[in-house]
Structure formats: structure tokens, C-alpha cells
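Taken in sequence, the protein lines are chains C and U.
Going by our numbering, the first residue of the first sequence is number 3, and it counts up by one from there.
Going by our numbering, the first residue of the second sequence is number 167, and it counts up by one from there.
Note that the Cβ used here is the ideal one computed from N, Cα and C, for glycine as well.
Computed from a predicted structure; not experimentally measured.
Reviewing the structure listed below.
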Amino acid sequence: MYGRLLRFRLRRDRVQLLVWGLVLFLMTYTVGTEVRTSWGTAAERASMVKVMTVTPAILLFRGTPQGTSEGDLMALLGMSFIALLVMFQLVFLVTRHTRAEEQTGQTETIASTVAGRLAPSYAVLTLALIATVIAWVAITLGCLANGLPAGGSALFGAGAAFAGLSFAGVTFLLAQLFPASRTVNGWAVTLAVVSYFVRGIGDAGSTIHTENLTATPLWITWLSPIGWAQATRPWALNRVWPLALGTLLFAVCTVVALAIQDRRDVGAGVMAERKGRPAAPGSLLGTVGLALRLERGSLIAWIIAVIATAMLMGSLAGSVVDQLASAGGGAAAMIEHFGGGGPIVMAFVNIGAVFSGMLASAICVQGAIRLRQEEIAQGADAVLSTAASRAKWMLSFLLVAAVGSIVSLVLGGLVAGVLSTSASGGFHTWFWAIVWQIPAVLMFLGVVAVVFAVLPRATAGVGWAVFGLSILFGMFGPLLGMPAWTSKLTPFMHVPAIALPHPQFTGGWVMVGISVVLVAASVLLFRLRDTKPGA
Amino acid sequence: MAAVIEAHGLTKHFGRVHALDGLDLVVEQGEVHGYLGPNGAGKSTTIRILLGLARATGGRVSVFGQDPWRDASALHRRIATIPGDVALWPNLSGGETIDLLVHLRGGDTKAKAYTDARARLIEEFQFDPTKKARSYSKGNRQKVALIAALAHPAELYVFDEPTSGLDPLMESVFTRQIGRIAEAGGTVLLSSHILSEVEKLCTRISILRGGKVVESGTLTELRHLTRTSFSFERDGLTDAQLAGIPGAHDLVLDEGRVSFTVDSDQVAGILPSLGALGVAGLQVAPPSLEELFLRHYGDVVDGTPVEAS
């Protein structure tokens with residue numbers, strides 16, 4: 003029975019597993035190629051690492067400096083976010099096969115057959131192990147394809163893959179605790195992002211050993227599975243033992259989760275469902291109230307993320323400038339990559355603003371995708387069978403997303419502005435640089451809304467693809483050596499760059515106009531089609 | 167005055183599938199109209215068109231004389247619905263959902279008439295409004311939709327299998343509610359395949375098959391289209407005597423009883439001949455809705471369009 007359940011799940015996920023493997027391979031391969039081509043000589047790599055060691059804000063998002071070989075640079079630039087990707091993959095995989103199935107009743111169907119109570123879980127855990135191995139192989143191949151030494155490559159892949167495995171365990175445990183799959187995904191993704199930043203803080207505050215350009219991160223890094231992945235120091239120290247930490251976390255979570263599962267009812271969670279209100283508060287009445295209520299949780303999380311990012315950028319700006327000034331040499335080249343010219347500090351302000359904008363645009367992408375989710379779950383039909391018109395329903399959800407993203411950027415701008423000193427950009431520059439991201443952010447709302455109106459089934463896929471490509475082209479494009487025209491495709495390249503000389507305001511206003519037109523068009527187009535509930 | 171619902175030659179195509187294929191349906195003011203059909207006959211598709219959620223491919227359709235697609239939101243102020251598949255927002259409580267839906271229909275959730283009706287329905291349906299929707303069973307989800315539809319008066323009620331998931335006790339509560347609506351002069355379109363429910367509640371019936379209404383009328387009218395069944399004790403009557411009964415079809419002899427059917431409009435004609443034979447233990451049964459139904463569906467063919475839900 004276990005074998006049959008496993009085959010069934012493998013069959014269901016085979017395309018996803020393949021695509022994930024391919025994505026991980028390409029990601030790794032691209033970073034490796036960039037390392038090989040952009041910083042081909044030891045001297046170039048040394049100057050690059052030197053700049054990074056004095057730039058905590060970059061270390062926050064990257065990793066631990068561990069030397070100047072090609073492999074060392076690869077580990078520094080690629081490990082943390084590739085590991086995060088694998089973690090996301092396993093979080094969604096485990097939730098999909100555990101709590102999500104339990105919620106829709108599939109688990110009950112299987113539980114009423116001859117399958118043992120825990121057989122489906124063993125099948126899911128095996129599937130998670132298989133996904134881990136696929137990730138391991140894909141990432142390792144990505145390194146090998148760039149001619150990196152085999153031992154380090156395998157360890158790099160294992161580090162990222164085991165970080166994912168540990169989160170398969172964490173998610174499996176969370177799935178026992180919460181009765182709703184959305185809550186499980188929410189907690190697991192939040193924990194994954196937290197562990198990314200926990201190691202980030204450890205790296206940003208690490209002790210730098212200038213003689214060999216290595217660093218010892220703060221102890222806090224050891225609290226993060228991504229920190230463990232980095233601790234393997236592939237190609238440098240080639241330590242295998244940190245992998246045991248991820249395995250241990252996976253094992254402990256799994257054992258506890260299986261014990262809970264063996265004792266609880268199918269469909270129940272350890273955390274009981276809280277009681278709701280017997281009647282609706284005035285704030286819920288109406289389509290805007292509904293949209294706000296449904297989006298509340300994720301909206302708050304995203305707004306906090308945007309503010310935190312802006313805060314970090316604003317407060318780090320000063321020290322970055324000081325340290326860059328003393329770093330000399332490679333600094334100019336670095337800024338060329340990350341900021342787009344101008345005085346160093348202003349380039350940094352620009353990066354900070356664009357980065358805040360990218361995070362805020364996720365609010366809009368998700369808000370527009372929510373329309374499709376509501377349509378699938380038939381919430382749309384329920385509302386549209388009342389006196390609420392299609393335009394009202396649609397605009398309510400879009401409005402909540404738009405206001406949410408604007409609020410996040412205004413608050414983020416205020417916080418960054420207040421924390422910066424005149425030497426590090428000043429209030430005015432920071433505030434307006436971040437607030438002027440709004441037109442770019444609203445473009446995402448318009449584009450995804452039109453996709454929803456015309457090709458509803460493609461909403462989520464196209465929505466996140468547009469978001470991902472914009473970030474890829476906008477933030478990492480220059481770093482990854484993509485042609486210049488690709489970065490022109492992202493809206494963030496067309497906002498007035500307040501921090502840089504001669505900001506062009508036309509682009510900003512044009513994008514506001516385009517966004518309004520796109521939203522209006524999406525409402526008109528949605529009125530032409532049937533609602534299509536059910537995936 | 168125009169009928170509340172009027173559809174003529176209504177068609178709906180999903181690609182190659184013809185979910186509705188020239189459907190005619192008329193529902194008059196004050197009727198409780200049973201809308202019968204097997205799974206996939208097009209009941210839910212019709213309702214989605216009547217609610218403006220889907221657009222007819224061809225034909226004419228009006229609700230209160232207006233176009234349900236173009237004038238959807240204006241019409242919905244006058245309509246209460248229960249969808250065939252009640253889906254709720256998982257993190258809203260039942261009570262919140264009811265209030266929200268009534269408010270969106272244009273009801274005032276602070277009005278005493280509403281709060282009274284809501285409290286009475288919650289009591290009658292023995293419903294707990296404080297639970298989050300995701301923890302409700304199927305029956306309880308159905309109750310959310312029922313209470314939201316019934317707590318605020320409408321002119322037209324469109325119910326798609328409203329009692330699915332309800333226990334018999336709750337079904338009878340629902341029956342009482344339909345009685346109240348009918349007394350108040352409301353119009354009901356009740357899609358169902360529970361024949362006893364329709365037989366009990368509905369004044370008129372339309373039977374749907376393969377995207378067309380194949381029969382429509384009052385139950386009495388429809389009964390005329392079928393045969394009434396007779397049976398009595400044989401008591402030594404000869405085959406020749408039995409063969410002499412005029413208009414008898416499907417004659418069967420079983421354990422000493424004779425049974426046969428007669429066209430419903432011929433019933434009076436055969437009574438004298440039965441009297442002449444001096445039959446004992448005579449039983450006459452009008453056709454049940456089930457027989458009507460089976461007559462139309464007994465040979466359900468493959469290729470019936472799949473219902474779009």
C-alpha cells in the first residue's frame with residue numbers, strides 16, 4: 003500500500019519535480035557562469051570579496067566570505083538563496099500532500115481503505131527525500147557544468163538540499179498542528195524567510211579576517227538551516243558534519259509529527275480552531291470589507307517585510323559609505339553592478355528603494371491572483387449572485403492590494419528616511435526614492451488583473467512569472483551578465499531614480515496612467531466572460 | 167404580467183459540449199417550480215445563466231423582464247440563491263458569512279425584521295453561527311446558505327439542490343420555509359433530484375434532459391401523460407375475461423393478483439367493465455413522479471452533456 007501511495011504521489015508530482023530540478027540547475031549554472039566570466043582572475047575575485055566584506059548590507063542577502071577561489075565566490079553569492087528556494091519547494095510539496103489533502107478530504111478517503119494510518123505520511127516523507135535528492139543532483143550538476151571541483155560541488159548541492167530537507171520536517175510538524183493548509187504554508191514560509199535573515203544578520207555582523215578574506219559569522223547563524231548549509235564551506239573547508247544538523251532537525255520534527263499524527267483524529271489539528279464572531283462587524287460588510295478581511299494576514303506580513311527592508315537599507319547606508327570609502331579599488335566596479343552610477347551612497351539608496359519596491363509589488367501580484375483564487379473557490383460566484391456588480395467585486399480586491407502596497411512603501415520611505423543621516427542620503431532622498439516605486443508596483447496589479455480577466459487559468463502562473471522575471475532582470479540581471487535590454491523590461495527601471503542625477507519623472511507618470519488603463523480594461527474584459535469556478 | 171423567468175431556445179456551449187440545447191422554461195409569479203433532471207442535464211448551467219454568472223450562447227432569456235447578464239446586479243436585489251455547491255470563506259464564521267451575504271443583497275443587517283428572522287432561522291435549523299466556516303460539515307455549510315437566503319425576503323428564490331447534506335428533520339424545516347415563501351407570494355425555482363421533495367413542494371414542474379426541457383406542467387397535467395396502474399385479485403377470472411378489459415396495457419399475473427396500466431385519460435372508460443367482472447381488492451394508483459421521471463430517464467443515453475459546475 004505504501005508503495006502504491008508513493009507511486010501515486012510521484013506520478014502526480016512528476017512534472018513539478020522535473021521543473022524544480024531544471025530551475026535549480028539553471029539557477030546554479032547561471033550564478034556559476036557569472037562567477038567564472040565576470041570575476042575570472044584571482045585578483046578580480048579578491049577585490050570583489052573585499053568590497054563585500056565591508057558591505058554588511060550585501061552580506062545580509064548573500065553569505066559568508068570564505069576565500070577567493072571561484073568556488074568560494076560561488077558559495078558566497080549562491081548558497082543562501084538557492085537553499086531558500088529548495089526550502090520553499092519542500093514546504094509547498096509537504097503541505098500539498100499532507101494538510102491540504104486532509105482539508106479536502108482525500109486523506110479520509112485513503113484512511114478508509116486498507117492503508118495504515120501512517121502509510122500516507124511515510125509515502126510523503128519518502129517523496130520529500132526524493133525531492134531532496136533531485137535538488138542535490140540538480141544543484142551539483144549546475145556547479146560541475148561550470149567546471150568547479152567535484153567534491154565542493156557535491157557538498158554545495160548537499161548543503162542547499164539538506165536545508166530543504168530540514169524544512170520538509172518542519173512543515174510536516176506544522177501540518178500536524180494547524181487545521182488549515184494555508185496556515186501551515188504561511189508559518190513554514192515565514193520560518194524559512196526568518197532563517198534566511200537570521201543567517202543574514204550573522205553574516206552582516208561577522209568578524210572579517212582580512213588576511214585571507216574569510217569571515218566568522220555571529221553565533222546566531224547557527225540557528226538557521228541556511229547557516230548550516232553555509233557552514234559546510236564547500237570548496238574551502240569541505241565540512242560534511244553540518245549536514246548532520248539538517249538531517250537531525252528533519253528527524254526530530256518527523257518523529258514528533260508522527261507521534262502526534264498517530265494520536266489525533268483525521269482532519270483535526272493540535273491547535274483547535276478558534277471560535278468566530280456570531281455576527282459580522284460593520285467593517286466586514288461590503289466587498290471591500292471582505293477583500294480586506296481575506297487579505298489581512300498576508301497584507302500585514304508583506305507590509306512588515308517592506309518596512310523591515312527599508313529600515314535595514316536606511317540604517318545601513320551610513321556604514322556602507324564609510325566602509326566603501328576605505329575599501330578603495332574594487333568599489334567602483336561593484337557600484338556599477340549594483341547601483342547604476344552616481345555617488346556611492348546614492349547608488350545604494352537606489353538599490354534600497356528598488357528592493358523595497360520589488361517586495362511591495364508582491365502585494366499587488368498576490369492581490370490580483372486572489373481574484374482567481376476567489377473564483378476557483380466560488381467565493382466570486384457567491385458575491386456576484388448578490389447585488390454586488392462584477393466591477394465592484396473586482397475593484398474592491400484590486401483596491402485593497404493597491405492601497406496595501408502604497409501604505410507599505412510610504413511607511414517604508416518614512417522609516418528609511420528617519421533612520422538615514424544627511425551623509426547617507428537624508429530623509430528627503432530616501433523617502434521619495436522609495437515612494438516613487440509606487441508606479442512600478444501598480445503596473446503589476448494592472449498586468450495580472452488583465453491576465454485574470456482574459457486567461458483566468460493562467461493568472462497565478464503568469465503573475466508569479468512576471469514578478470520573478472522582473473526581479474531577475476531588474477536586480478540580478480546586471481549581476482548575472484544579462485543583456486542590457488532585459489532590464490528595460492522591468493518597471494523598476496522606469497521609475498524616477500530620485501537618488502541618482504537627473505531623475506526622469508515621465509516614466510513614473512506614464513506607468514501610473516498605464517496601470518489605470520490596464521485595471522479599467524481588466525474590469526471591462528472580465529464582464530465579457532463567464533465565471534469559471536474550479537481549477 | 168410577464169412571467170418571472172422566461173427562456174426560449176436557450177443554448178449554452180462549452181466548446182463542443184452543448185450543455186443547453188434549445189431550452190424553454192417559463193416560471194410564473196407565485197409558483198414553486200420544480201426543476202428536475204439527472205446529473206449533467208444542465209440544471210446548474212441554467213441557474214448560472216439566470217444569475218448572470220454565465221452568458222447564454224444563444225436564445226432569449228429574461229428574469230423579471232430584464233436581461234440576467236446585463237442587469238445582473240440590479241436583478242440580484244430581488245433574488246435569493248443557494249448554489250449547488252456551497253463554498254464559504256474558510257476563515258469567516260457562519261454568522262459573519264450570513265450577514266455579509268445579506269448585506270451584499272441589499273439587506274439592512276441592523277434592521278429588526280432581519281435580526282429577528284435570522285435568530286428564528288438559526289434556532290429552527292439548530293445552527294451554531296460562531297464556528298469558522300472551514301470547520302463546518304456539509305450540512306452546516308448548507309445551513310449557512312439557507313439562512314442567508316431565507317433571512318432577507320426576496321421576490322425570486324433560486325435554489326440548486328438546497329437540501330443536499332441536510333438530515334430529514336432539517337429537510338422538514340426547509341419544507342416549512344418554502345411554505346412560508348409560497349404563502350407570501352414569492353416565486354421559487356427549485357432544482358432537485360429528490361422527487362419526494364419536489365412532489366411535496368412544487369406547483370409546477372419542468373423535466374430537463376440533455377439540455378432541453380422535455381416536459382413541463384403541473385403534476386396533474388404531467389400525470390395525464392402517463393398511465394395509471396390498476397390491480398385486483400384474480401379470483402378465478404379466465405384469461406379471456408381479462409383480455410376483454412378495454413385499453414389495458416402490460417397485463418401481468420402475479421401471485422393471484424392481476425395488474426395492468428391504463429392511459430390516464432382512459433381511466434373512467436374501463437371502470438364499467440371492471441364492475442361487470444365483479445373484481446375484488448381493487449387498487450388504483452396514479453403515476454408517481456418517480457415513474458414520470460423514469461419514463462424520461464429510464465434509458466439515459468451516453469453522450470449526455472456533462473454538467474458544468
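{"Item": "Would you give the residue range spanned by the beta strand (DSSP E) that D326/U belongs to?", "Value": "L322 to D326"}
{"Item": "Compare the C-beta of L386/C against all C-beta atoms of chain U and say whether one is closer than 8 Å.", "Value": "yes"}
{"Item": "Hey, L260/C and L95/C are a contact pair by Cβ (cut 8 Å); roughly how many whole angstroms apart?", "Value": "Between L95/C and L260/C the Cβ distance is about 18 Å, and since that is not below 8 Å, they are no contact."}
{"Item": "Go ahead and pull the three-state DSSP assignment for A474/U.", "Value": "In this prediction, A474/U scores a pLDDT of 37, lower than 50, which makes its location untrustworthy; the coordinate-derived value is nonetheless stated afterwards. DSSP places A474/U in coil when its eight states are reduced to three."}
{"Item": "May I have the straight-line CA-CA distance separating Q68/C from T423/C, to the nearest angstrom?", "Value": "32 Å"}
{"Item": "Taking K178/U as part of the beta strand (DSSP E), name the residues at either end of that continuous run.", "Value": "I171 to F180"}
{"Item": "Count the C-beta pairs between the region 415-431 of chain U and the region 385-399 of chain U that are closer than 8 Å, then say yes if the count reaches three, no if not.", "Value": "yes"}
{"Item": "Just the C-alpha distance for A348/U and V324/U, rounded to the nearest angstrom, thanks.", "Value": "13 Å"}
{"Item": "Pop quiz: L179/C and I203/C are said to be a contact at Cβ under 8 Å. What is the actual Cβ separation, rounded to whole angstroms?", "Value": "Actually they do not touch by this definition, with Cβ atoms about 27 Å apart."}
{"Item": "If we count Cβ pairs, one from each stretch, closer than 8 Å, do we get three or more for the region 509-516 of chain C versus the region 193-206 of chain U?", "Value": "no"}
{"Item": "If I measure Cβ to Cβ from W255/U and keep anything under 7 Å in the same chain, skipping five residues before and after, which residues do I get?", "Value": "T263 and A299"}
{"Item": "By the three-class DSSP mapping on this structure, what secondary structure does T492/C have?", "Value": "coil"}
{"Item": "Quick check on the burial criterion: 16 or more other C-beta atoms within 10 angstroms. Buried or exposed for T134/C?", "Value": "buried"}
{"Item": "Which chain C residues are close to L176/U, counting only those with a beta carbon under 9 Å from its beta carbon?", "Value": "The contacting residues do not exist; L176/U stays about 14 Å from chain C at best."}
{"Item": "For I436/C, tell me which candidate among G354/C, I371/C, L75/C and C366/C has the shortest Cα-Cα distance.", "Value": "G354/C"}
{"Item": "Anyone know if the C-beta pair for V170/U and L322/U falls short of 8 Å?", "Value": "yes"}
{"Item": "Helix, strand or coil for G224/U, going by three-state DSSP, please let me know.", "Value": "strand"}
{"Item": "CB-CB under 7 Å to P151/C, same chain, minus the five flanking residues each way: which ones, in chain order?", "Value": "G73 and W237"}
{"Item": "Can you pull the chain C neighbours of G331/U, defined as C-beta to C-beta under 8 Å?", "Value": "Per Cβ cutoff of 8 Å: no residues; G331/U is ~14 Å from chain C at best."}
{"Item": "Could you name the residues of the region 89-121 of chain C whose beta carbon sits closer than 9 Å to any beta carbon of chain U, in the order they occur along the chain?", "Value": "Q105"}
{"Item": "Check whether the region 232-251 of chain C touches the region 219-235 of chain U, counting contact only when three or more Cβ pairs, one atom from each stretch, lie closer than 8 Å.", "Value": "no"}
{"Item": "Indicate the three-state DSSP secondary structure (helix, strand or coil) for K378/U in the structure shown.", "Value": "strand"}
{"Item": "Looking only at its own chain, which residues have a Cβ that is under 7 Å from the Cβ of L318/C, when we skip the five neighbours before and after it?", "Value": "P58 and A59"}
{"Item": "My assumption, with CB atoms under 8 Å, is that V402/C sits in contact with L287/C. Please give the rounded CB distance.", "Value": "Contact doesn't hold; Cβ gap of about 15 Å is too wide."}
{"Item": "For D468/U, which residues from the same chain have a beta carbon less than 6 Å from its beta carbon, with the 5 sequence-adjacent residues on both sides left out?", "Value": "Any reading at D468/U must be qualified, since the residue scores a pLDDT of 40, below 50, and its modelled position is unreliable; no value is offered."}
{"Item": "Please name the residue in G414/C, Q368/C and T488/C whose C-alpha comes closest to that of H430/C.", "Value": "G414/C"}
{"Item": "Are the C-beta of T223/U and some C-beta of chain C separated by less than 8 Å?", "Value": "no"}
{"Item": "Assign L343/U to buried or exposed, taking buried as 16 or more other Cβ atoms, counted over all protein chains shown, within 10 Å of its Cβ.", "Value": "Just to set this straight, residue 343/U is Gln in the shown sequence, not Leu. Classification for Q343/U: buried."}
{"Item": "So the alpha helix (DSSP H) S407/C belongs to, where does it begin and stop?", "Value": "R392 to L421"}
{"Item": "Just how far apart, CA to CA, sit L437/U and I411/U?", "Value": "9 Å"}
{"Item": "Quick check on DSSP: helix, strand or coil for V226/C?", "Value": "In the sequence as presented, Val is not what sits at residue 226/C; that position holds Ser. Three-state result, S226/C: coil."}
{"Item": "Got a sec: is the Cβ-Cβ distance from G441/U to anything in chain C below 8 Å?", "Value": "no"}
{"Item": "Are the CB atoms of V450/C and G465/C within a distance shorter than 8 Å?", "Value": "yes"}
{"Item": "Could you check the C-alpha separation between L241/U and R531/C for me, to the nearest Å?", "Value": "19 Å"}
{"Item": "With distances taken between CB atoms, is the gap from P227/C to A163/C smaller than 8 Å?", "Value": "no"}
{"Item": "Cα separation between K178/U and M89/C?", "Value": "46 Å"}
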